[in-house]
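Asker:
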Amino acid sequence: MTEFREIPDGLEWRGGHQVVRIEPWGQDSVRVRVGKTVLRTDLPGALGERPDAGAEITVGPEGASLVNGGIRVEIDLKGRLRFLRTDTGEELLAEEPIHFWWPGPRLFAGNGNGYHRIEQNFRAYAGERLFGLGQHQHGLLDQKGAVVELIQRNSEVTIPFVLSSRGYGLLWNNPAVGRVELGVTGTRWVADSARQIDYWITSGSGPADVLRNYAEATGKAPMLPDWATGFWQSKLRYRSQEELLTVAREYHTRGLPLSVIVCDFFHWTHLGEWRFDPQEWPDPAEAVRELTELGVKLMVSIWPSVSPLAENYPEMLDKGLFIDTDQGPPVHADWPDKGVESPVGIGVSFYDSTNPEAREYVWNRVRENYYRHGIKVWWLDACEPEIKPGTPGNLRLHAGPGLEVLNSYPTENARAFYEGMRGEGETEIVSLCRSAWAGSQRYGAALWSGDIAATFESLGEQIRAGLNVAVSGIPWWTTDIGGFHGGDPDTEYFRELVVRWFQYGVFCPLFRLHGDRAPRMGLGPKMSGGPNEIWSFGDEAYELIKGSLDLRERLRPYVSEQMRVTHETGLPPMRPVFVDFPDDPETWSVDDQFLFGPDVLVAPVYALGERARSVYLPAGQTWTDAWTGETHEGGRTITADAPLDRIPVYLRADAQVPIKA
Numbered sequence: 001m002t003e004f005r006e007i008p009d010g011l012e013w014r015g016g017h018q019v020v021r022i023e024p025w026g027q028d029s030v031r032v033r034v035g036k037t038v039l040r041t042d043l044p045g046a047l048g049e050r051p052d053a054g055a056e057i058t059v060g061p062e063g064a065s066l067v068n069g070g071i072r073v074e075i076d077l078k079g080r081l082r083f084l085r086t087d088t089g090e091e092l093l094a095e096e097p098i099h100f101w102w103p104g105p106r107l108f109a110g111n112g113n114g115y116h117r118i119e120q121n122f123r124a125y126a127g128e129r130l131f132g133l134g135q136h137q138h139g140l141l142d143q144k145g146a147v148v149e150l151i152q153r154n155s156e157v158t159i160p161f162v163l164s165s166r167g168y169g170l171l172w173n174n175p176a177v178g179r180v181e182l183g184v185t186g187t188r189w190v191a192d193s194a195r196q197i198d199y200w201i202t203s204g205s206g207p208a209d210v211l212r213n214y215a216e217a218t219g220k221a222p223m224l225p226d227w228a229t230g231f232w233q234s235k236l237r238y239r240s241q242e243e244l245l246t247v248a249r250e251y252h253t254r255g256l257p258l259s260v261i262v263c264d265f266f267h268w269t270h271l272g273e274w275r276f277d278p279q280e281w282p283d284p285a286e287a288v289r290e291l292t293e294l295g296v297k298l299m300v301s302i303w304p305s306v307s308p309l310a311e312n313y314p315e316m317l318d319k320g321l322f323i324d325t326d327q328g329p330p331v332h333a334d335w336p337d338k339g340v341e342s343p344v345g346i347g348v349s350f351y352d353s354t355n356p357e358a359r360e361y362v363w364n365r366v367r368e369n370y371y372r373h374g375i376k377v378w379w380l381d382a383c384e385p386e387i388k389p390g391t392p393g394n395l396r397l398h399a400g401p402g403l404e405v406l407n408s409y410p411t412e413n414a415r416a417f418y419e420g421m422r423g424e425g426e427t428e429i430v431s432l433c434r435s436a437w438a439g440s441q442r443y444g445a446a447l448w449s450g451d452i453a454a455t456f457e458s459l460g461e462q463i464r465a466g467l468n469v470a471v472s473g474i475p476w477w478t479t480d481i482g483g484f485h486g487g488d489p490d491t492e493y494f495r496e497l498v499v500r501w502f503q504y505g506v507f508c509p510l511f512r513l514h515g516d517r518a519p520r521m522g523l524g525p526k527m528s529g530g531p532n533e534i535w536s537f538g539d540e541a542y543e544l545i546k547g548s549l550d551l552r553e554r555l556r557p558y559v560s561e562q563m564r565v566t567h568e569t570g571l572p573p574m575r576p577v578f579v580d581f582p583d584d585p586e587t588w589s590v591d592d593q594f595l596f597g598p599d600v601l602v603a604p605v606y607a608l609g610e611r612a613r614s615v616y617l618p619a620g621q622t623w624t625d626a627w628t629g630e631t632h633e634g635g636r637t638i639t640a641d642a643p644l645d646r647i648p649v650y651l652r653a654d655a656q657v658p659i660k661a
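Numbering-wise, full-length UniProt numbering puts 495 at position 495 of the sequence shown, and it's gapless, one number per residue.
1. Under 8 Å between the Cβ atoms of L403 and G390?
2. Could you check if M521 is buried or exposed, using at least 16 other CB atoms within 10 Å of its CB as the buried criterion?
3. Kindly indicate which residue of T631, I647, W13 has the alpha-carbon position closest to the one of P594.
4. Alpha carbon to alpha carbon, how far is T479 from D641? Give it in angstroms, no decimals.
5. Go through its chain and collect everything with a Cβ distance to E633's Cβ below 7 Å, but skip five positions before and after it.
6. For residue 687, does the count of other Cβ atoms within 10 angstroms reach 16, so buried, or fall short, so exposed?
7. Find the nearest neighbour of I118 within the set T185, E90, R195, Y616, judged by alpha-carbon distance.
8. Nearest to K36 by alpha carbon, out of E23, E357, H17, A414?
9. Report the option in D209, L77, P51, P222 whose CA atom is closest to the CA atom of P582.
10. Could you have a look at R188 and say whether DSSP puts it in helix, strand or coil?
11. Using the DSSP secondary-structure output, state which residues sit across from residue 664 in a beta bridge.
12. Would you kindly check if the distance between the Cβ of D580 and the Cβ of R464 is under 8 Å?
13. Give the single residue among G69, V577, V38 whose Cα lies nearest to the Cα of G89.
14. Quick one: using the 10 Å Cβ neighbour count with 16 as the cut-off for buried, is I7 buried or exposed?
15. V306 and V348 look like a contact to me (Cβ under 8 Å); what is the Cβ gap, rounded to whole Å?
16. In chain order, what are the residue ranges of uninterrupted alpha helix (DSSP H) at least 4 long that sit wholly in the stretch 395-420?
17. Anyone know if the C-beta pair for T354 and S408 falls short of 8 Å?
18. What are the complete alpha helix (DSSP H) segments, minimum 4 residues, inside the stretch 548-598?
19. Go ahead and pull the three-state DSSP assignment for D324.
20. If you follow the beta strand (DSSP E) that N468 is in, where does it begin and where does it stop?
21. Starting from W501, follow the alpha helix (DSSP H) in both directions and report where the run begins and ends.
22. Who does N68 pair with in a DSSP beta bridge?
23. Does the beta-carbon of residue 669 have 16 or more other beta-carbons within 10 angstroms, so that it is buried, or is it exposed?
24. Pop quiz: L544 and D645 are said to be a contact at Cβ under 8 Å. What is the actual Cβ separation, rounded to whole angstroms?
25. Could you spell out where the beta strand (DSSP E) holding T631 opens and where it closes?
26. So who's on the other strand from N369, going by DSSP bridges?
27. Alpha carbon to alpha carbon, what distance is there between A541 and W535?
28. By the DSSP assignment, the alpha helix (DSSP H) with D209 in it spans what residues?
29. In three-state DSSP terms, what is M316?
30. Between L321 and E360, what straight-line distance do the alpha-carbon atoms span, to the nearest angstrom?
31. Measure from the alpha carbon of T639 to the alpha carbon of each residue in V296, W102, R613, then state which is nearest.
32. Just tell me which of L92, V506, V32, G609 has its CA closest to the CA of S164.
33. How far does the alpha helix (DSSP H) with A612 in it reach, from first residue to last?
34. Exposed or buried, D625, counting other C-beta atoms within 10 Å across all chains shown (16 or more means buried)?
35. Provide the residue span of the alpha helix (DSSP H) that contains Q241, from first to last.
36. Mapping DSSP to helix, strand and coil, what is L294?
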């Protein structure tokens, strides 16, 4: 016996042991939840309170429907869902039964105690392209045909949102560990252990509308401060206060622009004490004062892990502020620490960012030991969290079991610093994070692409990764310019790579140099990589990189304006070409060039020795070569010159953007 019933602004279906709830959730959007017997409203997710919305609900003898603006949901007597455009009746997406007899489009395979391995199956469509899903190093922009794990790892960032070329966006509103299979026979979302299905789907007249609706549902980024649009200097690592200040002074002496300089890991006494080692940093407040006079912000690396040698460890253990384990002590990784003579290190614990008390505890230590010295910019490293071995099934967090909630950890970690800063009256909040989940952007989280290789192949992968991040709702993004792992500044290969990477980095939302250069040292408190300042790569590279820094300075007003648009609408500043030109079918296959704001088309160079490359100019516009002034009609592919001193950049119509000095 099946049953439909109207609920306040929504619709429910019950059949067998399943209950399906459909609710309007923002403009042209609906939320769907499916549970066994009952529905819970206390499970973690990226959606906040339901926006005010009205829906048109119809119940008939063969099924029911709910209409919210541009999206229509139909549900039949068996509880199967279809999503359609309201105006045309065109199918956007539909559930597809896994088998004609059993179990239908949804599977709840019991794990015990009310938890299930959950599968949600949707229909596949010929020619559909799928984008988003966070940041991955597979080198794909269109991920149709891929199987993507839903788990956080260094450089692999899970944000379970897909944007479809069919005109919809879908958020799998579930931080459970699992996977999504974007196959040719179906799309299947899998949660290894969870209590119910929860997803949100939206429609729009084009990708820009979908992304705006998604930002409204999960939260918009704050306004990026003007200082953050400049150049950020970093390396692994400056080992003392004086070493870092010497670099900042050299930038000033050379007349080079510098907005941020970074104090990386091992600056602390012990991991998880969240304070400077006074032998290396004798006067942090004085360092901040001098840097401020130079117009430079100091960013400090904050890790969420705590060594048993740390003074905070006993209290945090006693108060239950660590991620717990179902079996064994709360030890989640091995890591070197000061005072330990071991190449492996010692077992460390991660604080539980889903616990409000733990977030407050960590912020109070950070406030006392960093903020009071004038430090207000945070590098939230290893915040996946970097569990080793990766056994989420053995973890227990305040928000729930590890398999059900672990993917939300980086969002809650960013929240600790956002709420802490807001509590101090601060409004300019930027935290550079190595991982993120849906909604991280609302807490001032910037994402970078993690510990990637220093190769041209890796540079190409970052182009696609960054565009998928933008589609996934994280507008503040960057890479380690030059890559992280290795890179020998004395080789011609790396010198050309870093020049090309700088030229790409100019047009990323954040502009940041970092890396562990040769000669490299083994992991430990005394480590430091080779030189990684812009004068470290030879005279020719230095002059070319200076040109990139000068270009970024000219672009900063334009960058700030795009960030204002992002803050107000959710539209990311760096985005795939199809976002602005969805009616040009060719743009949907362009995966190695992008728009930076509405007016700048960027075509990075990511191959050694390449001095020209093909560029597709979207139809319906005239495009002007930013370097030569030559104009081209859109709708065609051209071969663009790419000498070592520049990459192809084109301006839309008569846009006035100061690319050329």
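Don't be surprised by glycine CBs; every beta carbon is placed ideally from N, CA and C. What you are looking at is a predicted structure, and each value in this text was computed from that prediction instead of being measured.
Answerer: Taking the structure as given:
1. Along the sequence shown, one-based indexing puts residue 403 at 403. Along the sequence shown, one-based indexing puts residue 390 at 390. In this structure, G390 does not lie closer than 8 Å to L403 by Cβ.
2. One-based indexing of the sequence shown puts residue 521 at position 521. Per the 10 Å Cβ criterion, exposed.
3. If you number the sequence shown from 1, residue 594 lands on position 594. As written in the sequence, residue 594 is Phe, which differs from the Pro given in the question. Selected option, being the one with the closest Cα: I647.
4. In the sequence shown, the residue the question calls residue 641 occupies position 641. In the sequence shown, the residue the question calls residue 479 occupies position 479. So the two alpha carbons sit approximately 25 Å from each other.
5. Numbered from its first residue, the sequence shown carries residue 633 at position 633. Once the five neighbours on either side are set aside, the close Cβ partners of E633 are T622.
6. Residue 687 lies beyond the range of the chain shown here (1 to 661); nothing can be said about it.
7. Stepping through the sequence shown from its first residue, residue 118 is reached at position 118. Among T185, E90, R195, Y616, the Cα nearest to that of I118 belongs to R195.
8. Here residue 36 refers to the residue found at position 36 of the sequence shown. Measuring from the Cα of K36, the nearest candidate turns out to be H17.
9. Numbered from its first residue, the sequence shown carries residue 582 at position 582. Here the closest residue by C-alpha is D209.
10. The residue labelled residue 188 in the question sits at position 188 within the sequence shown. Strand, per DSSP.
11. Examination of residue 664 is not possible in this model, given that the chain is present from 1 through 661 alone.
12. The count along the sequence shown starts at 1 and reaches residue 464 at position 464. The count along the sequence shown starts at 1 and reaches residue 580 at position 580. No. Outside cutoff.
13. Counted from its first residue, the sequence shown places residue 89 at position 89. Closest by alpha carbon: G69.
14. Position 7 of the sequence shown, counted from the first residue, corresponds to residue 7. Its Cβ having fewer than 16 others within 10 Å, I7 is exposed.
15. Mapped onto the sequence shown, residue 306 falls at position 306. Mapped onto the sequence shown, residue 348 falls at position 348. Contact holds; Cβ gap of about 6 Å.
16. 402-405
17. As a first step, residue 354 is located in the sequence shown; it is residue number 354 there, counting from the start. As a first step, residue 408 is located in the sequence shown; it is residue number 408 there, counting from the start. Yes, the Cβ-Cβ distance between T354 and S408 is below 8 Å.
18. 577-580
19. For the purposes of this step, residue 324 is taken as the residue at position 324 of the sequence shown. Three-state result, D324: strand.
20. Looking up residue 468 in the sequence shown gives position 468. From DSSP, N468 is part of no beta strand (DSSP E) but of the alpha helix (DSSP H) over 456-471.
21. Here residue 501 refers to the residue found at position 501 of the sequence shown. Here the alpha helix (DSSP H) through W501 covers 492-505.
22. Here residue 68 refers to the residue found at position 68 of the sequence shown. N68 is bridged to I71.
23. In this structure the chain extends from 1 to 661, so residue 669 is not present and cannot be described.
24. As a position in the sequence shown, residue 544 is number 544, starting the count at 1. As a position in the sequence shown, residue 645 is number 645, starting the count at 1. Right, their Cβ atoms sit about 6 Å apart.
25. The residue labelled residue 631 in the question sits at position 631 within the sequence shown. Note, T631: beta strand (DSSP E), 631-633.
26. Looking up residue 369 in the sequence shown gives position 369. None, per the DSSP bridge assignment.
27. The sequence position of residue 535 within the sequence shown is 535, counting from 1. The sequence position of residue 541 within the sequence shown is 541, counting from 1. Taking the straight line joining both Cα atoms gives about 8 Å.
28. Taking the sequence shown and counting its residues from 1, one reaches residue 209 at position 209. Run containing D209: 207-218, per the alpha helix (DSSP H) assignment.
29. Counting from one through the sequence shown, the residue named residue 316 turns up at place 316. Reduced to three states, the DSSP call for M316 is helix.
30. As a working mapping, residue 321 is identified with position 321 in the sequence shown. As a working mapping, residue 360 is identified with position 360 in the sequence shown. Whole-angstrom Cα-Cα distance: 10 Å.
31. Counting from 1 along the sequence shown, the entry for residue 639 is found at position 639. Comparing Cα-Cα distances from T639 to each of V296, W102, R613, the minimum goes to R613.
32. Taking the sequence shown and counting its residues from 1, the one referred to as residue 164 is at position 164. With distances taken between Cα atoms, S164 lies closest to L92.
33. Here residue 612 refers to the residue found at position 612 when the sequence shown is read from its first residue. That residue, A612, is in no alpha helix (DSSP H); its beta strand (DSSP E) goes 612-617.
34. The residue you call residue 625 lines up with position 625 of the sequence shown. Result: buried.
35. Walking along the sequence shown from the start, residue 241 turns up at place 241. Unbroken alpha helix (DSSP H) run through Q241: 241-253.
36. Against the sequence shown, residue 294 aligns to sequence position 294. If DSSP states are grouped into helix, strand and coil, L294 belongs with coil.
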